[in-house]
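To start, the structure itself, in structure tokens.
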Amino acid sequence: TEIFSNEIKKYNKNVVVFCHYTFLSRSQTMKEPVKKADYALELFDKYNVRTVFNGHIEKRIYSKEKNGIEFFSLPGTKKHEKFPNSFYEITLENGEIEVNMTYRDPESGEQISEPFFVEEKMDLSRAEHRELEEQEEELEN
């Protein structure tokens, strides 16, 4: 984290971070965040990090935190069953980040290109889906 802190001090503009693991909480992703995620989030806030991209959790997740930092979790480009041969195009235009995903439909073989979106429960495994449903039932009761 010291190297990150020293490097990022050089910039006075908005910063975008790309990483493998997520900094989002387990409740948002069903996976453990990186160690010392809270400390990293403080650094992100301090040094104008505006957007963070991660992989690893194999789900499309978007979160905009209270401090305005946007988090995009992107499914893998090689091993994800629902998004084979995928890639992402990330553009910054007029201060806005836009993410487009291109992949081959596993059933039809058709190439699909679409804006990044989060479809509720879309990328959950059966076990994760059941766990999420149980949590929702507990909240309702």
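Numbering (the numbering used here), first residue to last: -12 to 128.
From the three backbone atoms N, C-alpha and C, an ideal C-beta is built for every residue, glycine too.
Environment of residue i [buried if 16+ CB atoms lie within 10 Å]
i, result
"Ser112", "With a pLDDT of only 49 at Ser112, under the threshold of 50, the placement of this residue in the model should not be trusted; the figure read from the coordinates follows. Classification of Ser112: exposed, given that the 10 Å Cβ count is below 16."
"Glu127", "exposed"
"Tyr49", "exposed"
"Glu152", "Here the chain covers residues -12 to 128 and nothing more, so residue 152 does not appear."
"Gly99", "The sequence as given places Ile at residue 99; Gly does not occur at that position. It counts as exposed."
"Pro93", "exposed"
"Lys69", "exposed"
"Glu121", "exposed"
"Phe74", "exposed"
"Pro20", "buried"
"Lys62", "Before going on, a small fix: residue 62 reads as Pro here, not Lys. That one is buried."
"Thr78", "exposed"
"Glu118", "exposed"
Three-state secondary structure assigned by DSSP to residue i
i, result
"Phe129", "The structure shown does not extend to residue 129, since the chain is modelled only from -12 to 128, so the question has no answer here."
"Leu61", "coil"
"Glu19", "coil"
"Glu118", "helix"
"Glu83", "strand"
"Glu101", "strand"
"Glu127", "helix"
"Glu29", "helix"
CB contact flag (residue i, residue j, <7 Å)
i, j, result
"Ser12", "Asn41", "no"
"His43", "His67", "no"
"Arg47", "Val4", "no"
"Tyr37", "Asn1", "Residue identity differs from the one stated: residue 37 is Arg in this sequence, not Tyr. For Arg37 and Asn1, yes; Cβs fall inside 7 Å."
Is it a yes or a no for the region 85 to 103 touching the region 15 to 34, going by three-plus beta-carbon pairs under 8 Å? no
Which residue spans inside the region 32 to 60 form an unbroken beta strand (DSSP E) run of at least 3? 36 to 41, 48 to 51, 57 to 60
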